[in-house]
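So that you can map any letter, position 132 of the sequence shown is 132 in UniProt numbering, and since no number is skipped, the others follow by simple counting.
Backbone N, C-alpha and C fix where the C-beta goes; we use that ideal spot for every residue, glycine too.
All remarks here apply to the structure that follows.
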Amino acid sequence: MLTQSLTAGVLFGAGDVIAQQAIEKQGKNHDFARTARITFYGGALFGPIMTKWYQALNKLKFATPTKAVVYRVWLDQAVLTPVAVVFFFSSMTFLEGKGVSEARKRVEAAYVPTLLRNWGVFIPAQIINFALVPTHMRFVFVGVVSLFWNTYLSFANTQAQHALIAKDVVFDLEKGEPEKKLMEA
Numbered sequence: 001m002l003t004q005s006l007t008a009g010v011l012f013g014a015g016d017v018i019a020q021q022a023i024e025k026q027g028k029n030h031d032f033a034r035t036a037r038i039t040f041y042g043g044a045l046f047g048p049i050m051t052k053w054y055q056a057l058n059k060l061k062f063a064t065p066t067k068a069v070v071y072r073v074w075l076d077q078a079v080l081t082p083v084a085v086v087f088f089f090s091s092m093t094f095l096e097g098k099g100v101s102e103a104r105k106r107v108e109a110a111y112v113p114t115l116l117r118n119w120g121v122f123i124p125a126q127i128i129n130f131a132l133v134p135t136h137m138r139f140v141f142v143g144v145v146s147l148f149w150n151t152y153l154s155f156a157n158t159q160a161q162h163a164l165i166a167k168d169v170v171f172d173l174e175k176g177e178p179e180k181k182l183m184e185a
């Protein structure tokens, strides 16, 4: 589990670096605390969960290889993924030092688009993974796909955060309190 967790941490951290440098063009303004948070999330929170999840999926027995692929993909994407999306955005919010109210808002803002995009990436990837990749290499295969996905997640988390800040500022401008919200952001 240690190797898989460390791998997950590195992949989440690398995804954030790619998001900040290649997509957001942060350059010297790289947010190292953000990279540390998402690396911690990947290694300490997500990695152990996913290691146990894949161990459990691999132990399930099915009548045919086709049924094995269909049921494993279904379990992964219909059971785990909806919870994992909430877990990601909530965890990142808490790791930023924010509370339950902010986590709920961020999940509400990002949940549906993230879940739909996840299905677009991971349903085909998991079909390949469970149909063609040997059991001992499945975590590695998902890790490669996840590098790109983690880049998106890091960017999506930041975008959801900025969208909520913008929404709060507009709302407070109507109330005549823009400075207070801008200072909190």
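For LYS52, the enclosing alpha helix (DSSP H) stretches over residues 47-59. Collapsing the DSSP output to three states places GLN4 in a helix. In the structure shown, PHE62 falls within a coil segment according to DSSP collapsed to helix, strand and coil.
Ranked by Cα distance from VAL112, the options MET1, PHE122, VAL85 are led by VAL85.
Taking the C-beta atoms as reference points, PHE130 is found no nearer than 8 Å to VAL79.
Taking each of MET92, LEU147, VAL144 in turn and checking the Cα distance to ALA160, the smallest one comes out for MET92.
Straight-line measurement puts the Cα of ALA103 at about 14 Å from the Cα of VAL83. Fewer than three beta-carbon pairs drawn from the region 60-71 and the region 10-27 are found closer than 8 Å, and the two stretches are therefore not classed as touching. Going by DSSP, GLY42 is part of no alpha helix (DSSP H) at all; its letter is neither H nor E. The beta carbons of LEU115 and THR81 sit closer together than 8 Å.
In the assembly as shown, VAL100 is an exposed residue. Its beta-carbon has fewer than 16 other beta-carbons within 10 Å.
Membership of GLU96 in any alpha helix (DSSP H) is not indicated, and neither H nor E is assigned to it by DSSP. Straight-line spacing of the CA atoms in LEU6 and PHE94 works out to 21 Å. In the structure shown, PRO124 falls within a helical segment according to DSSP collapsed to helix, strand and coil.
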